[in-house]
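Peer 1:
There are 2 protein chains.
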Amino acid sequence: MILTVTLNTALDITYRVGALRPHASHRVSDVTERPGGKGVNVARVLAALGHEATVAGFAGGATGQVLRERLARVPGVTDALVPCAGPTRRTIAVVDELTGDTTQLNEPGPQIEPAEWSAFLDRYEELLPTASAVALSGSLPPGVPVGAYAGLVRTARAVGVPVLLDTSGEPLRRGVAARPDIIKPNAEELAELTGSHEPSRATQDARRRGAHAVVASLGPQGLLAATPEGRWRAAPPARVHGNPTGAGDSAVAGLLSGLVERLSWPERLARAVALSAATVRAPAAGEFDAAAYEDLRARVTVAGVVSVA
Amino acid sequence: MILTVTLNTALDITYRVGALRPHASHRVSDVTERPGGKGVNVARVLAALGHEATVAGFAGGATGQVLRERLARVPGVTDALVPCAGPTRRTIAVVDELTGDTTQLNEPGPQIEPAEWSAFLDRYEELLPTASAVALSGSLPPGVPVGAYAGLVRTARAVGVPVLLDTSGEPLRRGVAARPDIIKPNAEELAELTGSHEPSRATQDARRRGAHAVVASLGPQGLLAATPEGRWRAAPPARVHGNPTGAGDSAVAGLLSGLVERLSWPERLARAVALSAATVRAPAAGEFDAAAYEDLRARVTVAGVVSVA
């Protein structure tokens, strides 16, 4: 089982409108809802790849109830969410019908009480021994300590479970110092962590700060990895057009499933890039196009990076 | 008891953001939720005025559940909503923090099945004999026949219950032909019904089409009424600044409560204008400021309109 942690789960709502105009009134022509939050997306992709995935984190209120009902219908995903009193946040993606451009509105998430945070820590420690790997994904809801991910990284490492951290800002900075096996920042998060806008330099710097391996997602350019076994750049065969929502989460699922299957780093990176591109190509945000994935996987280029240090 | 019918109830959600920018991502700083739909607003104001109000219409899904839980906490309002399979719609008001400007996103509402519509009609006929008046408010959800309001007007008139209709477009056109006691269009709805942009002419034309009394809401200029007993213009003492959401529903509550209390038309209009202005002044959309209402009520001017016909 692969464990994914999403402390700030979400009910992801997509609205279609003609075109969003500030300070006007809009009739929404189509509404879709799905369980969301980065770790929930990772779990869904892992399950589609044939892995058992367990989702931990919080769910509360009417939105949390809907999220859990929807999650129960996803084969291969087990719900281990801990109840909280505050309502699970909604995210609203308003898609302009003609252009596909998206405006995003993200609620902050529920206030997590100390007793709820304790209940989550107990659940996490219960689940870890049966996990082959763990992903810690996304933002922290109000009330969760800023060093939360650092603690979760240490607990996983103490019981020998490989841990991937995918977050930003201060929770990432503190989490890196706890020496996670992998971090997967995007270019902006990596620059914020290291102060360097030069990805090759920044990935190496992030390793010096504590991450064993750093896989930076560079959008359409693919991934740049700095690991104890070497450095690689992995890129899709051509620029992929579509909706990038969830592409980073698919990359995380590719990296973790590859780790658990004991693939080499170049194989893991090829899988992650292909999954990521197949997610951009899928019509629904955060799903992936299985045929595109199979096609792309053989055509991703993975090249070793020569050290300049 | 005054009955209010809201076929397309809503969970009204308000988001505060820095400033809405199309195609950007926004962190919502504050989220509020309240039971909505025009007839629900009317019922809340009626209850605040000391009348017992019963809310009929549909509620379904997780949003319908939240709406009913919130409604149960409003003193003086009785929930007589009929369950439907589809989820009650959300409306989202995105308020820019600095300017207070609002962008509105309205979901279409649930598909109402024929058996659900039948169940509503049974409920309506059960409730009517105990009602002193009925308000039919707002849009029709998908699946409800476009002549729905015309039928509801006829049923109410057949049992001698005065009926006020507040809707737009084809449902208003058909409803007017069924001879409701009062309609309360805004300037745009009135122009669409009659083809005339001249309110004085248009209110008289709407009477000829079947409405016994027409009370047009002209925004900051107040109300213009054409009734069997005369014509009046009622205006607030000064321009009121604030959020106009729900002002029309407060006017409906003023008219209906005045009718039930057997107030004269000028007294009803003064109450409706004062409530409407006190709603614009209240900090939360759709609430009214009780002190402002008492103050304004004595200062509204009601003037007879001399016939030009």
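In the order they appear, the protein sequences are chains C and W.
Yeah, the first sequence ends on 330 if you go by our numbering, and it's all consecutive.
Yeah, the second sequence ends on 330 if you go by our numbering, and it's all consecutive.
Quick reminder that beta carbons are idealized off the backbone N, C-alpha and C, glycines included.
All figures in this text were calculated on a predicted structure; none of them were measured in a lab.
Quick check on this structure: which residue in V26/W, L32/W and T53/W has the alpha carbon closest to the alpha carbon of A305/W?
Peer 2: The option with the nearest alpha carbon to A305/W is T53/W.
Peer 1: Three Cβ pairs or more, each shorter than 8 Å: is that satisfied between the segment 282 to 291 of chain W and the segment 235 to 251 of chain W?
Peer 2: Short answer: they touch.
Peer 1: For a contact meaning CB atoms closer than 7 Å, what does T30/C contact in chain W?
Peer 2: Near T30/C there are no residues of chain W at all, since even the closest Cβ is about 15 Å away, more than 7 Å.
Peer 1: Counting only Cβ-Cβ distances shorter than 7 Å, please list the residues of the segment 51 to 78 of chain C near chain W, keeping chain order.
Peer 2: Result list: V52.
Peer 1: Does the beta carbon of D33/C come closer than 8 Å to any beta carbon on chain W?
Peer 2: False, the Cβ-Cβ gap to chain W never drops below 8 Å.
Peer 1: For T188/W, does the count of other Cβ atoms within 10 angstroms reach 16, so buried, or fall short, so exposed?
Peer 2: Buried is the call here.
Peer 1: Expressed to the nearest angstrom, what Euclidean distance is found between the alpha-carbon atoms of P108/W and P162/W?
Peer 2: Using only the alpha carbons, I get a separation of about 11 Å.
Peer 1: Any chance you could list the alpha helix (DSSP H) runs of at least 4 consecutive residues sitting entirely within the segment 152 to 230 of chain W, in chain order?
Peer 2: Qualifying alpha helix (DSSP H) stretches, in chain order: 169 to 179, 190 to 198, 208 to 215 and 220 to 229.
Peer 1: Taking 8 Å as the CB-CB limit, is D122/W close to chain C?
Peer 2: With 8 Å as the cut-off, D122/W counts as an interface residue toward chain C.
Peer 1: Would you kindly report the start and end of the unbroken alpha helix (DSSP H) that includes V273/W?
Peer 2: Segment A268 to V281, the alpha helix (DSSP H) holding V273/W.
Peer 1: Under 9 Å Cβ-Cβ, which residues of chain C neighbour H47/W?
Peer 2: Chain C residues near H47/W: T124, Q125, L126 and N127.
Peer 1: Quick one: what's got a C-beta closer than 7 Å to R65/W's C-beta in the same chain, skipping five residues either side?
Peer 2: Within the same chain, R65/W has close Cβ partners V95 and V98.
Peer 1: In this structure, what does DSSP give as the bridge partners for Y36/C?
Peer 2: DSSP output for Y36/C lists V52/C and V115/C as bridge partner(s).
Peer 1: When you compare the CB positions of G196/W and L186/W, do they come within less than 8 Å of one another, or not?
Peer 2: Taking 8 Å as the Cβ cut-off, G196/W and L186/W qualify as a contacting pair.
Peer 1: Can you tell me which of the three DSSP states A330/C falls into?
Peer 2: With a pLDDT of only 47 at A330/C, under the threshold of 50, the placement of this residue in the model should not be trusted, and no figure is reported.
Peer 1: When DSSP labels each residue in this structure, what does T120/C get in the three-state scheme?
Peer 2: T120/C: coil per DSSP, three-state reduction.
Peer 1: Determine the chain W residues that contact V301/C at a beta-carbon separation under 8 Å, and present them in chain order.
Peer 2: Here the premise fails: no neighbours, minimum Cβ distance about 17 Å.
Peer 1: If distances are taken between C-alpha atoms only, which option among I204/C, T151/C, P192/C and L148/C comes closest to P166/C?
Peer 2: Of the candidates I204/C, T151/C, P192/C and L148/C, the one whose C-alpha sits nearest the C-alpha of P166/C is P192/C.
Peer 1: Residues of chain W with a CB under 9 Å from the CB of V38/C: which are they?
Peer 2: Going along chain W in sequence order, the residues near V38/C (Cβ under 9 Å) are L126.
Peer 1: Of all the residues that make up the segment 266 to 293 of chain C, which are near chain W by a beta-carbon distance shorter than 9 Å?
Peer 2: Flagged: no residues at all.
Peer 1: Determine the chain C residues that contact A83/W at a beta-carbon separation under 7 Å, and present them in chain order.
Peer 2: Within chain C, the residues near A83/W are A83, Q86 and V87.
Peer 1: For S139/C, does the three-state DSSP call read helix, strand or coil?
Peer 2: Three-state DSSP puts S139/C in a helix.
Peer 1: Alpha carbon to alpha carbon, how far is K205/W from G251/W?
Peer 2: Cα to Cα, the separation comes out at about 16 Å.
Peer 1: Residues in its own chain within less than 8 Å of T322/C by CB, not counting five upstream and five downstream?
Peer 2: The residues are A255, A256 and P258.
Peer 1: Compare the Cα-Cα distances from G85/W to each of H72/W, V103/W and L317/W and report the closest residue.
Peer 2: Checking every option, the nearest Cα to that of G85/W belongs to V103/W.
Peer 1: Would you say the beta carbon of A101/C comes nearer than 7 Å to a heavy atom of the ligand GDP?
Peer 2: This structure does not include the ligand GDP; it has no bound ligands of any sort.
Peer 1: From G130/C to R110/C, what does the alpha carbon distance come to, in whole angstroms?
Peer 2: Their backbone Cα atoms lie some 4 Å apart in a straight line.
Peer 1: Would V38/C and E118/C be called neighbours here (beta carbons separated by less than 8 Å)?
Peer 2: Yes, the Cβ-Cβ distance between V38/C and E118/C is below 8 Å.
Peer 1: Between V180/W, R230/W, L214/W and A45/W, which has its C-alpha nearest A199/W's C-alpha?
Peer 2: Minimum Cα distance to A199/W is reached at R230/W.
Peer 1: Looking only at its own chain, which residues have a Cβ that is under 7 Å from the Cβ of A330/W, when we skip the five neighbours before and after it?
Peer 2: Any reading at A330/W needs caution, since the residue's pLDDT is 47, under 50, leaving its predicted position unreliable; the model's value is listed next. Answer for A330/W: Q225, listed in chain order.
Peer 1: Hey, is P220/W's beta-carbon within less than 8 Å of any beta-carbon in chain C?
Peer 2: No, because no Cβ of chain C sits closer than 8 Å to the Cβ of P220/W.
Peer 1: At least one CB of chain W closer than 8 Å to the CB of I204/C: is that the case?
Peer 2: So, not an interface residue.
Peer 1: Cutting at 6 Å between CB atoms, please list the residues of its own chain near A114/C, excluding the five before and the five after it.
Peer 2: Closer than 6 Å at the Cβ level, and outside the excluded window around A114/C, lie T35, T123 and Q125.
Peer 1: Which chain D residues are close to V115/W, counting only those with a beta carbon under 8 Å from its beta carbon?
Peer 2: No chain D is part of this structure, whose protein chains are labelled C and W.
Peer 1: Which same chain residues, not among the five before or five after D143/C, have their C-beta less than 6 Å away from its C-beta?
Peer 2: Cβ neighbours of D143/C beyond the five flanking positions: none.
Peer 1: D51/W to D310/W, Cα distance in whole Å?
Peer 2: Using only the alpha carbons, I get a separation of about 22 Å.
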